[in-house]
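For reference, the structure is listed below as structure tokens.
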Amino acid sequence: MPKSAYWCILFQLNLLILLSCQYTEDHGGLTHLVVHNKTGEVYLGAVNWIYKLSGNLTKLRSHVTGPVTDNPRCYPPPGVQSCPHELVQTSNVNKLLLLDAAHNRLIACGSTSQGICQFLRLDDLFKLGEPHHRKEHYLSSVAEAGTMSGVVIPPDIFGGGGKLFVGTPIDGKSEYFPTLSSRKLMSNEENADMFSFVYQDEFVSSQLKIPSDTLSKFPAFDIYYIYGFNSEQFVYYLTLQLDTQLTSPDASSEQFFTSKIVRLCVDDPKFYSYVEFPIGCTKDGVEYRLVQDAYLARPGTRLARSLGIREHEEVLFTVFAQGQKNRAKPPKESALCLFTMRQIKEKIKERIQSCYKGEGKLSLPWLLNKELACINSVSIDLGPKFHICSSLAKCLALFSSHYVNFTKTCDK
């Protein structure tokens, strides 16, 4: 592995260790870290707290988010009926911390009250709003940190207003929460349309739900969103989910998990462009399939040269744990794997084009509950001008059965 990659990782590890020593002991564990690209200021999400630090890690501001009076069995919205369960003081775990630079605010979503979010002013962490009057204001009921991910799309970059793409586990509550959705980001925090779906009619909306049939067959099935990012006209997620093809429906059987890379088009409000396929890497014949974390960045001169790419190209740095078992307590053996976005996009494009040629299957077992053969679509131009986003609007979903494996850029 090139030394520049090690230095980058060591710097981030040292930063996390330093911050953990300063803020973990008194106020609970840290869950998220966000750096403002222009100011260099650091924002931290923690249990019951949000912090703002200077570029040299001096604490500038803090904002209390908990404990709050809550009960995880109380469901939204509270204005419809009062909760019959006893309310107790509950710690609020920060599960989502995102910069909305276009509106000079921070989006901080917690684990209490079924995942409501606060909007905090970047300058002083003043609370601008906390939408909680509609069902759409509640994003996730799962308290586990590191399993929910969001991507902010600023207004007018791809047309229209700002958007928030949210991926979250649902803990079996598909009637309340979609696993993946696209929400409106309004400039006014108290606007009634805040967090409403980008598109919704009687039959289709900007969301994906885990079908009840899947949960009936595999009650433990869920999708954990480890990392999300925007690249060109796409939103990507790295996820962990139960491998329903390797795991028996028997509740007592051993569970296997698989890592997926998920992609959809930013300007696709109906989610017809949704595509996912397995991702992982191997080293010396050992498979690393449990994604733990990731970061999208551009390489330095030496790393770019060693990878045979240009310095401006995007690289996805990804950490995987060994094997496919023990999601909650993964093995200590891990690998850092590098994927260029150019390679990832080419793999996806090749798979989509081959499916339109009638090759392979639409293998989305958790969503479709079965495998469907790809159909030859003679009406679609698969030549050099093939446009993935517009073409995919003619198909429900596509899935790649190709296991991504770039062994040259993987190391322990």
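All letters in the sequence shown, in the order written, are residues -21 to -1, 1 to 391 by mature numbering (1 follows the signal peptide of the UniProt record, and there is no 0).
Using N, Cα and C, we set each Cβ at its ideal position, and we do this for glycine too.
These numbers come from a predicted model, not from an experiment.
Spatial neighbours of residue 220 in its own chain (CB-CB distance under 6 Å, excluding positions within 5 residues in sequence) are listed in chain order as 202. With a beta-carbon spacing of about 36 Å, residue 290 and residue 306 fall beyond the 8 Å limit used to define contacts. In its chain, beyond the 5 residues on either side, 113, 115, 162 and 163 have a beta carbon closer than 8 Å to the beta carbon of residue 175. Distance between residue 255 and residue 326, taken at the CA atoms: about 11 Å. Counting C-beta pairs closer than 8 Å gives three or more between the stretch 7 to 15 and the stretch 74 to 81, which meets the contact rule.
Per DSSP, residue 212 lies in no alpha helix (DSSP H) and is assigned neither H nor E. With fewer than three CB-CB distances shorter than 8 Å, the stretch 104 to 112 does not count as touching the stretch 177 to 196.
If you draw a straight line from the Cα of residue 126 to the Cα of residue 43, it comes to about 22 Å.
Under a 10 Å Cβ-count criterion, residue 310 is classified as exposed, with fewer than 16 other Cβ atoms of the shown protein chains found around its own Cβ.
It is roughly 22 Å from the alpha-carbon of residue 342 to the alpha-carbon of residue 304.
Just measuring C-alpha positions, the residue of 294, 167, 150 and 94 sitting nearest residue 100 is 167.
Ranked by how close their Cα comes to the Cα of residue 229, the residues 250, 207 and 200 have 200 in first place. At the C-beta level, residue 46 and residue 68 come within 8 Å of one another. For residue 115, the secondary structure class from DSSP, reduced to helix, strand or coil, is helix. Burial is judged here by how many other beta carbons sit within 10 angstroms of a residue's own beta carbon; residue 62 has fewer than 16 and is exposed. Out of 321, 165, 192 and 261, the CA that lies nearest to the CA of residue 301 is found in 261. Shown here, residue 154 sits in coil according to DSSP, grouped into three states, outside any helix or strand. Exposure of residue 265 is indicated by the presence of fewer than 16 other C-beta atoms within 10 angstroms of its C-beta.
The C-alpha of residue 237 lies about 41 Å from the C-alpha of residue 103.
Exclusion of the five residues before and after residue 183 leaves 249 as the residues of its chain whose Cβ lies within less than 6 Å of its Cβ. For residue 160, the three-state secondary structure derived from DSSP is strand. Fully contained in the stretch 232 to 298 are the following alpha helix (DSSP H) runs of length 4 or more, in chain order: 280 to 286. Selection 284, 314, 281 and 282 evaluated against residue 297 yields 314 as nearest (Cα-Cα). Between the alpha carbons of residue 142 and residue 263 lies a distance of about 42 Å. In this chain, residue 149 is not harboured by any alpha helix (DSSP H), its DSSP state being neither H nor E. Our two residues, residue 155 and residue 281, have alpha carbons roughly 48 Å apart in a direct line.
For the pair residue 117 and residue 93, the CB atoms are nearer than the 8 Å cut-off. Going by DSSP, residue 335 is part of the alpha helix (DSSP H) stretching over 320 to 335. For residue 130, the closest C-alpha among the options 71, 344 and 85 is that of 85.
A direct Cα-Cα distance of roughly 15 Å separates residue 321 from residue 284. Under the three-state reduction of DSSP output, residue 193 falls in the helix class. Close CB contacts of residue 38 within its chain, under the 7 Å cut and outside five residues either way in sequence, are with 30 and 32 (chain order). The Cβ-Cβ distance between residue 243 and residue 213 falls below 8 Å.
Distance from the Cα of residue 270 is smallest, within the candidate group 241, 334 and 292, for 241. The distance from the Cβ of residue 267 to that of residue 316 is about 7 Å, consistent with a contact at the 8 Å cut-off. Relative to residue 195, the option among 165, 227, 120 and 95 whose CA is nearest is 227.
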